[in-house]
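Okay, so here's the structure we're looking at.
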Amino acid sequence: MTRFELVTRIAAPVPLVFDLSLDVDAHTASMARSGERAVAGVTSGGMALGDSVTWRARHFGVAWRMTSRITAYDHPTHFVDEQTAGPFHHWWHAHHFAPDGHGGTLMRDEIDFQAPLGPLGRLAERAALDRYMPHLIRERNEHLRVVAEREAGGTPGSGAGGR
Numbered sequence: 239m240t241r242f243e244l245v246t247r248i249a250a251p252v253p254l255v256f257d258l259s260l261d262v263d264a265h266t267a268s269m270a271r272s273g274e275r276a277v278a279g280v281t282s283g284g285m286a287l288g289d290s291v292t293w294r295a296r297h298f299g300v301a302w303r304m305t306s307r308i309t310a311y312d313h314p315t316h317f318v319d320e321q322t323a324g325p326f327h328h329w330w331h332a333h334h335f336a337p338d339g340h341g342g343t344l345m346r347d348e349i350d351f352q353a354p355l356g357p358l359g360r361l362a363e364r365a366a367l368d369r370y371m372p373h374l375i376r377e378r379n380e381h382l383r384v385v386a387e388r389e390a391g392g393t394p395g396s397g398a399g400g401r
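Residue numbers (the numbering used here): 239 to 401.
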């Protein structure tokens, strides 16, 4: 199993960043490179506790589907999405939002995942997924940062700083 954490500073208020992070359309736009789109469940707009969405995308040249459900929700501080069907043996993603002390948001992602197929999956994690998944989440977060800062009336880029 792989676990990683990313922190992104966003020059926009916590509630705005929280709501944008749960917006299916914002997620779809952030994953345009992989052609990711919602095909079942909540397919547009915001999500809430108990909602699910099925995504279809192409990664590593392979088309796949993944259904995830919002299993924890405490507006505007955190929510969790977990895979209920899809390519991973296990997928858990906690999203945390806190004030940065300057009117902006520190968005922290905690992700645990495990590829299927036992030893072959562990090999795939080490060979590709351990680098690819953090990169994918950074891309998503950068898109959310730019959109949130624009919506907040700030200058996109003033809150940059994912790690």
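Note that beta-carbon positions come from the ideal geometry of N, C-alpha and C, so glycine has one too.
- Boundaries around Ser290 are those of the beta strand (DSSP E), Ser290 to His297, since no alpha helix (DSSP H) includes it.
- The three-state reading of DSSP puts His334 in strand, counting E and B together.
- Collapsing the DSSP output to three states places Leu287 in coil.
- Residue pairing for Gly339: DSSP places it in no beta bridge.
- Rounded to the nearest angstrom, the Cβ distance from Arg307 to Thr322 is 5 Å, consistent with a contact under 8 Å.
- From the listed residues Ala336, Pro337 and Leu367, the smallest Cα separation to Asp350 is found for Leu367.
- Between the alpha carbons of Gly342 and Ser272 lies a distance of about 29 Å.
- By the neighbour-count criterion, in which 16 or more other beta carbons inside 10 Å mark a residue as buried, Ser268 falls on the buried side.
- Following the DSSP letters along the chain, one finds Val300 inside the beta strand (DSSP E) bounded by residues Val300 to Asp312.
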